[in-house]
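Below is one structure, written out as structure tokens; comments come after it.
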Amino acid sequence: AVLAPREAAYARAAFWTTGYGRDGLQAELFAGAGPVLNAAAARYAQALTGGLVRVGFNPLRGSRAEDLIRVEGASAPTYDGLSRGEKERVDLVIALSLRDLARWRLPEPINLSVFDEVFDHVDEAGLRAVARLLQEELQAGSTTFVVTHSAAMKALFPGARVVRVVREGGEATVRYVA
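Basically this note's numbering = 1-based index in the sequence shown + 10.
Rendered as structure tokens:
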């Protein structure tokens, strides 16, 4: 009998789950991703923390008790011990690393990034590091949209095109500013 596409996909997943187990299948999938994630995490951690905090992915952990994401730093040995600003930067490292993984897995290059208010709580030094990183991406041909309420963030990109969304009477209006 011919299986419908959904049933065929389920049968393939069941085969792999039976052979590897649920955790084994995840580990197998993450094993290939580990080097990509860790290279990205090292690059972004260096760019955003100056190497003071290290972030690594541990896809082949031996048990659930081990952390999937390891964070080590000069100021604190764990994520929980980091300051709020350091946590914000580590969160960005993780998000950007996962974005790189998604780009690695797709057959077509993606050169678009949208950051929706993710930089609004980053401290001044962190904003400068983010701005350098975004400038590198722009120079490499990436298109980047940053949604922010931060005047400090906007000031780091003089000459950038700015669009303002204003709510009036329950409706949003888009206004080109500069």
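Think of the CB as a built atom: it goes at the ideal place given N, C-alpha and C, for glycine as much as any other residue. Since this is a predicted model, take the numbers as computed values, not measurements.
Cβ distance (whole Å) where residue i is taken to contact residue j below 8 Å
i	j	result
E181	A162	29 Å between Cβ atoms; not a contact.
L106	Y54	5 Å
F255	L137	What the structure shows of the chain is the stretch from 11 to 188, and residue 255 is not part of that stretch, so it cannot be assessed.
L58	A139	5 Å
G95	V132	7 Å
P69	A41	6 Å
E146	S123	About 12 Å separates the two Cβ atoms, so there is no contact after all.
Residue i burial status per 10 Å Cβ neighbour count (16 or more: buried)
i	result
V184	exposed
G72	exposed
F25	exposed
G83	buried
T153	exposed
L116	exposed
F67	buried
A50	buried
Y186	exposed
L78	exposed
Y20	exposed
Of the listed residues the options, nearest to residue i (C-alpha basis)
i	options	result
V99	H159, G61, D110 and A24	Inspection of the sequence shows that residue 99 is occupied by Arg rather than by Val. Closest by alpha carbon: G61.
V81	Q149, V103, P119 and R74	V103
V46	E96, D110, G179 and F167	D110
S85	A170, V63 and A75	V63
W114	D101, G95, K97 and G44	G44
G151	E17, A41, D101 and N121	N121
V172	H159, G179 and L108	H159
K97	F167, A112, V65 and A141	V65
R142	E178, E76, F167 and R174	F167
Contact test: residue i Cβ vs the ligand ATP heavy atom, cutoff 8 Å
i	result
Q149	For the structure depicted, the ligand ATP is absent and the ligand set is empty, with no information on it obtainable.
**OP:** Could you name each continuous beta strand (DSSP E) segment of 3 residues or more that falls completely within the stretch 129 to 186, going from the start of the chain to the end?
**Re:** 153 to 157, 173 to 178 and 181 to 186
**OP:** Pick out the complete beta strand (DSSP E) segments inside the stretch 63 to 121, 3 residues or longer, and give them in chain order.
**Re:** 63 to 67 and 79 to 83
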